[in-house]
Every structure is written in structure tokens, then in C-alpha cells.
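So for the sequence shown, my numbering puts the first residue at 3; every next one is plus one. Structure, as C-alpha cells:
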Amino acid sequence: MIENTDLNSGWTLICNVAGRPDLPSSIAAAVPGCVHLDLLAHRLIPDPYIDVNEITNDWVGREDWTYRCSFEASPDPDRIQELVFDGLDTIATISLNGEEIGRTYNMHRSYRFDVSNRLKAGANELCVTFRSAYAYGAEMEEHYGYRPNNYPGPGNLMRKMACNFGWDWGPTLVTAGIWKPVRLESWARTRLAETRVSATLAGGDGVVTVHAKITRQDATAGSRITAGIAGISQTIEIAPTDEISFELRVPSPQIWWPHHLGAQPLYTLDIELRDAVSNDLLDRYSKEIGFRSVRLDTAPDEHGSAFTFVINDVPLFLCGANWIPDDCFPSRVTAERYASRIEEAKAANINLLRVWGGGIFERDEFYEECDRAGMLVWQDFLFACAAYPEEEPLRGEVEAEVRDNVVRLMPHPSLIVWNGNNENIWGFDEWGWRPIIKDGESWGLCYYLDLLPKLCADLDPARPYYPGSPYSGTMEIAPNADEHGCKHIWDVWNDVGYEVYRNYIPRFCSEFGWQAPPNWATLEESVHDAPLTPVSNGVFHHQKATQGNDKLIRGLGGHLAEPATMDDWHFATQLNQARAIRFAIEHMRSHRAVCKGAIVWQFNDCWPVTSWAALDSAGRRKPLWYAMQQAFDPRLLTIQPRDNGLSAVAVNERTLFWRSKISGQRLKLDGTVLAEFEFWRLLCDRFEAKAFPLPSDIATPDNGRDEVVVVQMLDRRAFHYFVEDIDLKLPKPEFTVSVTKTHEGCDIAVTAVSFLKDLCLMADRLDPDAVVDSMLVTLLPGESHVFRVTTARSLSAADITPGTTLRCANDLVTKG
């Protein structure tokens with residue numbers, strides 16, 4: 003059997019940096035980790051997430067660094083001994099006992115070096131020297147020539163996490179280090195060099211396809227493979243070949259479903275490699291897999307061409323969010339943090355996370371948790387917002403990286419699509435790249451249309467591949483067309499108000515978003531300006547979008563009054579973000595017959611920042627999180643403009659039909675009923691959006707500034723206003739509050755005296771660790787709502803401060 007010696011301890015970081023006499027010659031280092039974290043642990047740099055410390059750390063990424071450790075070993079002529087690095091960031095030279103054994107150029111793949119003849123009995127010294135990515139990038143620009151890149155730095159000229167070099171939501175923290183585990187692997191005779199596993203459905207059966215490659219110490223040695231799952235097993239002799247493929251067919255397995263549709267049964271697949279003569283166990287592979295089918299329907303139709311994911315033969319509307327690296331230092335993200343984030347996504351009614359192409363292929367724990375949670379995964383290949391050379395050595399690195407990660411990730415039932423790139427085809431077509439890229443010069447297209455699809459077809463043919471996001475299915479059609487493929491909507495936010503979302507009915511929207519600052523507790527933890535203002539040094543530094551603060555204020559225009567205080571700026575921009583995304587999602591879902599997915603930009607943050615995220619870097623829910631929870635509810639009731647009037651649209655993503663009385667009223671804001679209706683039964687079938695035209699006396703106001711439409715269907719309720727808040731006669735907020743202690747914290751009951759629009763309890767301002775179950779609640783006069791708060795702090799009604807901890811849109815109405 004393979005023997006593994008963990009080499010993750012005992013490392014030292016050598017700190018001989020010219021011009022930095024303040025640094026010790028060496029410090030203890032953590033592996034997995036990176037230089038920044040080691041320096042931070044020894045208080046040799048300030049925390050780059052705090053205030054403007056990011057800029058004082060810029061020098062770290064411009065230096066070369068060496069990691070060194072000593073380990074005990076014993077040479078053994080009867081065994082192969084290999085050093086295995088699961089991840090090196092990025093340009094590294096590896097030496098053993100003073101002898102170079104290899105060089106690496108790719109953060110996104112693993113490496114294996116045979117050191118059988120280089121180990122000494124007793125202590126062995128292992129050194130890994132990392133070259134500055136900036137210095138290497140300058141060399142590569144000389145080699146390839148310039149390629150357009152929407153962000154600073156040479157991230158498109160090497161295989162490194164692109165957002166390391168800064169993004170419009172992330173800092174510039176150019177890392178280096180051993181970011182995944184290291185081990186010494188010892189084996190004899192034969193080992194599994196590559197094990198490719200896919201699982202799908204064929205009729206009522208589950209089909210597991212296994213393709214195995216083996217490496218032999220002795221070319222004449224015979225071996226056999228035994229694979230077993232769900233009581234089904236198969237044994238195959240594999241001498242003298244080094245590759246073998248076979249299938250296991252499992253009768254009537256339980257089917258794996260996305261979480262909103264069913265359960266996530268997982269089966270353990272065990273594969274053993276044994277000696278053909280002695281039957282000794284030589285190597286083993288074990289993986290939890292699930293049985294489900296997936297295809298991407300892009301067939302032409304009356305609207306253009308579809309972009310519909312069909313899971314287990316069910317065409318779905320996908321309620322998604324984009325996932326970025328959850329920390330600028332990915333080694334710091336634990337399995338528990340992955341689980342917490344994915345649970346938060348699930349609680350927000352998200353059923354798909356898109357792993358975005360400017361980051362990383364996440365660690366195994368991420369995908370394993372998605373499998374368990376029923377969270378679908380869209381996986382980008384790692385190309386984003388730039389032109390990429392197709393020449394060597396980059397092309398070879400891309401091919402090795404893709405092979406490495408497709409083989410690693412393809413067993414996961416949660417993973418439903420490989421996507422070629424993020425915005426690069428769009429960038430070439432519409433961002434002014436054409437004049438910059440010389441005739442015949444490569445920019446990445448052959449990766450997306452040739453290399454990647456061929457590799458996916460060879461390695462993972464049971465899973466869809468799509469060339470890009472956005473992409474219309476052919477280079478003959480503009481890449482960001484409404485009628486074909488997947489679309490990104492970024493003129494909304496960048497140039498126009500969120501009402502423009504209604505101008506688009508895409509086939510699938512894989513990016514759209516709106517900014518807001520992080521929660522107040524997160525802001526206070528990361529910025530120490532006195533006073534805090536939108537443009538104070540720290541707050542402004544934690545806004546990375548071009549003219550981001552200006553866009554926040556411009557985006558309020560026509561909706562909310564421009565805020566006069568920091569508290570109002572914080573609440574108004576968070577509220578506007580939540581409303582913008584809820585508006586867009588409800589619009590797209592109401593057109594379910596045409597549009598089959600909405601993936602919000604973005605779910606998470608990598609550091610404390612004003613961004614498009616729903617969950618800030620501390621894991622605190624912004625109001626947007628609650629808006630997504632409401633708008634992505636599998637049963638949604640929304641009011642939308644239709645045929646020169648208004649319709650209530652019921653949208654049902656459940657497996658059972660939704661049948662209920664539907665009723666509604668047009669009221670004055672003081673609760674006076676002006677018109678009402680009741681329809682005895684509305685039937686909305688499963689996976690359907692059903693529109694119900696509202697009577698004209700409901701849809702037509704007498705005085706739109708003082709009226710609201712409320713429609714009810716069972717426990718779902720929808721509101722419609724004839725004017726925006728800036729013109730709405732919202733009353734001064736009046737309410738009563740009572741607090742009841744519970745086992746988890748407390749219940750805070752609010753009873754409305756006046757009409758309250760989008761009532762929010764800012765739990766983090768009561769306790770930084772508190773979590774509230776609901777937000778953005780609208781109450782008619784006399785109605786009540788209970789906010790359930792999880793907190794260790796004892797709270798009373800006196801702690802609930804109107805206008806600070808308890809806020810609503812009424813607070814933002816222009817005084818007078």
C-alpha cells in the first residue's frame with residue numbers, strides 16, 4: 003500500500019530581503035499557507051484588510067521568498083519515493099539536499115517529483131524558492147508581447163489566481179507560498195496514476211464509468227482492479243496494459259437532486275488496485291458520488307435559442323450566485339467555513355454557485371459540501387477579463403491544469419457545467435481589444451473553442467461544456483445577445499438605473515449585480531476613520547470599483563433621496579442594492595418561459611469591502627441576502643407590468659402544483675381600502691410562471707403618491723407602488739416594540755402604527771455576532787412581525803433604537 007509522510011510541519015520562511023533590515027533572517031512558517039500569512043503571524047506586516055494597510059504590503063509580492071524544511075527519510079531500492087505538492091503559488095524552484103529537482107509555473111495544478119535516488123538516510127533538506135510573480139510577468143510580456151487586461155498586473159500571462167493582482171472588489175495582494183499540502187509518497191510495484199470517474203443515469207439505472215491509468219515500477223508486474231458501489235462490484239485484470247475503462251451499472255439507485263427538489267443520496271465508490279499474484283493491496287481510490295443526469299439545452303426556438311439546464315430530465319430555472327475566492331489567502335478557508343458559506347447560500351434559496359474564472363478551482367471540501375447540500379456548481383475555467391496567449395509555455399500549462407482539475411472534480415454530482423471563460427469573448431468583441439491585438443496574434447479563442455472542449459469531451463463527456471459567459475453559441479452573433487446563450491447585464495449599475503433591468507429578457511443571465519457597503523460591524527472592524535464617512539480614507543480605500551461611490555449615489559436617483567448622514571448613506575445604499583436585485587430577479591423569473599436562470603453577482607467577499615456581495619467577508623448577511631431569499635423563494639408571487647396593465651405572477655419551482663385563492667387590494671398608505679378583488683382559485687403548475695391580470699380598479703391609482711397594491715396567495719404576498727419612494731408619501735414611521743427571550747437569543751416583535759416599508763432590524767448593530775432571520779418586511783398599519791434573533795447577548799426593548807438598529811424606508815423620506 004502507498005505510504006504517505008506528511009510534510010506540512012517544520013517549515014521556515016527565509017526573509018533575506020534587500021533593503022529590509024527590520025526583518026529577521028528567518029521565521030517559522032505555516033504550510034499550507036503563504037508569505038503574507040507568515041509575516042502577519044509574526045507581526046512583521048500590518049493586517050492588509052485593515053484601513054489602508056494593503057498599500058504598505060505591496061512590496062511583499064515583488065520579492066523572492068524561500069521556504070525550507072528538514073525531514074527524515076530512508077532510501078529504499080524496492081520502493082518509488084515521490085515528493086507530491088498539491089499546490090504551489092506560483093513560480094517555484096524545488097531543491098532537495100541542494101540539488102534542483104524541478105520548477106513549477108502554475109498555481110492551479112499539482113506536481114510530483116521522483117526523489118527515490120536523491121533521498122539520504124536521516125535528515126533531508128527541502129527548499130522551495132518562489133520568484134516574484136511581477137518579475138516573471140515582465141519576462142513573459144517580453145516573450146508573448148502585450149495582451150489586453152482589464153485589471154492591473156500580469157495575471158493573464160501566467161497561471162495564477164488573477165484577482166491576486168486586484169479587482170473591482172478585491173485588493174492587490176500578490177501571494178507566494180505552499181498553499182496546499184505537501185507529502186512524501188512511497189509505493190512499490192504499481193499505483194493509480196489517474197482515476198477518472200463519472201456517474202449518470204441511463205433509464206432507471208445508475209451508470210458509473212471508470213477510466214484508470216496506472217504507473218508501474220516493474221513493466222512486467224501484473225495487477226488487477228476491483229471496483230464496488232451499492233453492492234455491485236467488478237474485478238478486471240489489467241496486465242500488461244497501463245489503461246483500462248469499465249462500467250458499473252447500479253439498478254434503480256436513489257436519485258441525487260438539487261436541494262429545492264429532493265434529497266442528495268450519495269454512494270461510496272471504492273476502487274482497489276492489487277497485485278495479480280500476491281493479492282497485496284497496492285493503492286486505493288474512494289469517492290462519494292451521486293446519480294443524476296445533466297444536459298444543457300441550446301436548441302433553436304421561437305425566441306432564438308434556449309439556454310436551459312435539464313437535470314434528471316427536468317428543465318430548471320436556476321437561482322444562482324457567483325462565487326469568488328472566499329479569502330485573498332485561500333489556504334485560510336477551512337472546511338467549516340466552506341460549509342457555513344454554502345449553508346448560507348442554501349438558506350437564501352440559492353440552488354447554484356458559479357465558481358468564477360478569475361479565482362481558483364476550489365479545494366475538494368467545497369465540492370464535497372455542495373454534493374451534500376444539493377448545491378449545483380457551475381465551474382469556470384480560469385480565464386477572466388483579459389486576452390490570453392496561446393503559445394508555449396502557457397498553452398502546455400493550461401492543458402495540464404485542465405486535465406488535473408477535470409479529473410479531480412468530475413465525480414461530483416453537484417458540478418453541472420464547465421465554462422470556458424469569463425467575459426473574454428465579449429471583451430474581444432466589444433471592449434476595444436480588436437485594434438490592440440495584431441493580426442494573427444492569439445488572445446485565447448482557441449482555448450475556448452478548441453482545446454478546452456476537446457479535453458472535456460475526452461475526459462468528461464457526460465457533462466456539458468460551454469465556451470464562455472457571456473456567449474451566444476456562435477461567433478457569428480454578438481456574444482451578449484438577449485436571444486441566445488448566457489448574458490451579463492452591466493449597463494445597469496455602471497450607466498443606468500435598475501429599472502432598466504426590465505428592458506432585458508435574457509435566455510439566461512449569468513451575471514448582474516448592484517453594490518453596497520458591508521454591514522456596519524464589518525465596516526467598524528476593518529476601518530478606523532474618525533469619523534467614518536463615505537469618502538474618509540479607509541472607507542474610500544475599501545471601495546475598489548471605478549467611480550463606485552458616485553455610482554452608488556447616482557443609483558439612488560429617482561428611487562431614494564440622497565442621504566445626508568453616514569448612517570443614512572449606509573442604509574440607503576444597502577437598501578437600494580437589495581431592491582435592485584430583487585427587482586431584477588422577480589422580473590426574470592416572471593418570464594420563466596423564456597429565461598431559465600439568474601446568477602447574481604456576487605454571493606461572497608474575499609475581504610471587507612463595498613461590493614456586490616450578499617454575504618460580507620465576515621459572513622454577515624447584508625439586506626441583499628434577504629432580498630435574494632425572498633426573490634428566489636421556490637414559490638414566488640410578484641406584481642409585474644403586462645399588456646399596459648399589471649399582473650400578479652405566480653412562479654412555482656416546486657414539484658407540486660400551487661393552487662390557491664388569490665386576492666388583493668388597492669389601499670391608501672393609512673390602510674383605507676380603495677378597491678379589492680378575490681378570485682376563487684389560481685392554478686400554477688410545477689415549473690411554471692402563471693400571470694393573473696389585475697382588475698383595472700386595482701391597477702389604476704387615484705393618487706399614486708399615497709397608494710399601494712397588495713396581492714395575497716396563501717402565505718405569499720406581493721406589493722406594488724405606483725411611484726418611487728422619493729415621490730411616495732411615506733409617513734413618519736410609528737411602531738411599538740417588545741422583546742421576548744428565547745433559547746437561541748430573543749424574539750423582537752414590531753407592531754406597525756403607521757405603514758412601514760422595508761423594515762430592517764440591523765442585528766449586527768446590537769451584537770456583532772447576532773443573526774436575524776428576516777428583513778425587508780413591509781407592514782400595513784396594525785400588522786405585526788417577529789424578528790427572530792440568534793445572539794448570546796441579553797437584549798431589551800431599550801436596545802432597539804429606531805432609525806439605527808431598526809430602520810425602514812420611511813426614515814429616508816426627504817424631511818418636509
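From the three backbone atoms N, C-alpha and C, an ideal C-beta is built for every residue, glycine too. The structure displayed is predicted, hence computed values, not measured ones.
- Considering only Pro332, Phe132 and Cys321, the residue with the shortest C-alpha distance to Ala347 is Cys321.
- Bounds of the beta strand (DSSP E) holding Gln236 are Ile234 to Glu239.
- DSSP places Arg410 in the helix class (H, G or I) of the three-state scheme.
- Counting only runs of at least 3 residues, the segment 310-334 fully encloses the following beta strand (DSSP E) elements, listed from N- to C-terminal order: 310-313 and 320-325.
- Apart from sequence neighbours up to five positions away, the residues of its chain that approach Ala190 with a beta-carbon distance below 8 Å are Asp80, Arg81, Ile82, Gln219 and Leu284, ordered along the chain.
- The shortest CA-to-CA distance from Thr640 to any of Ala459, Trp13, Val711 and Pro154 is the one to Val711.
- Inter-residue distance for Glu425 and Ala386 is about 6 Å (C-alpha atoms, whole angstroms).
- The closest CA to that of Lys663, considering only Ala652, Arg656, Lys670 and Gly230, is found on Ala652.
- Under the 8 Å Cβ criterion, the segment 370-383 counts as touching the segment 401-421, having at least three qualifying pairs.
- Around the CB of Glu513, 16 or more other CB atoms lie within 10 Å, so the residue is classed as buried.
- Excluding five sequence positions before and after Val117, the CB atoms of its chain that fall closer than 6 Å to its own CB belong to Gln83, Leu85 and Leu98, given in chain order.
- In this structure Glu274 is buried. Its beta-carbon is surrounded by 16 or more other beta-carbon atoms within 10 angstroms.
- Two segments are said to touch when three or more pairs of C-beta atoms, one from each, lie closer than 8 Å; by this definition the segment 174-192 touches the segment 324-341.
- Under the three-state reduction of DSSP, Ile273 is assigned to strand.
- Contact between Leu41 and Val62 holds, with the beta-carbon distance rounding to 7 Å and staying under 8 Å.
- Inter-residue distance for Thr567 and Phe542 is about 16 Å (C-alpha atoms, whole angstroms).
- Classified as buried, Ile362 has 16 or more neighbouring CB atoms from the shown chains inside 10 Å of its CB.
- Rounded to whole angstroms, the gap between the alpha carbons of Ala518 and Asp687 is 36 Å.
- In this model, Ala483 and Arg64 are separated by some 41 Å (Cα to Cα).
- Taking a contact as a CB-CB distance under 8 Å, the pair Cys810 and Pro733 does not count as one, their CB atoms being some 11 Å apart.
- Here DSSP, grouped into helix, strand and coil, assigns Arg251 to strand.
- Secondary structure of Cys748 (DSSP, three-state): strand.
- Straight across, the Cα-Cα distance linking Pro253 with Gly666 is about 50 Å.
- Secondary structure at Gly292: coil, using DSSP grouped into helix, strand and coil.
- With a 10 Å radius around the Cβ and a threshold of 16 neighbouring Cβ atoms, Thr803 comes out exposed.
- Val400 is positioned such that its CB atom lies no closer than 8 Å to that of Tyr467.
- Gly540 and His530 do touch by the CB rule: their CB atoms are close to 7 Å apart, below 8 Å.
- In the DSSP assignment, Cys762 falls within the unbroken beta strand (DSSP E) covering Leu758 to Leu763.
- At the C-beta level, Ile313 and Val335 stay beyond 8 Å of one another.
- Relative to Tyr148, the option among Ala402, Arg594, Ile438 and Asp729 whose CA is nearest is Ile438.
- The continuous beta strand (DSSP E) containing Asn421 extends over residues Leu417 to Asn421.
- Of Leu378, Leu396, Arg591 and Tyr390, the smallest CA-CA separation from Trp420 is found for Leu378.
- Restricting attention to beta strand (DSSP E) runs no shorter than 3 residues, the segment 91-126 encloses them at 93-98, 101-107 and 113-116, ordered along the chain.
- Straight across, the Cα-Cα distance linking His593 with Glu564 is about 33 Å.
- Assignment of Trp682 by DSSP, reduced to helix, strand and coil, places it in the strand class.
- The beta carbon of Pro156 lies closer than 8 Å to those of Ala135, Tyr136, Tyr138, Gly139, Ala140, Met142, Glu143 and Phe167 in the same chain, with the five residues before and after it left out.
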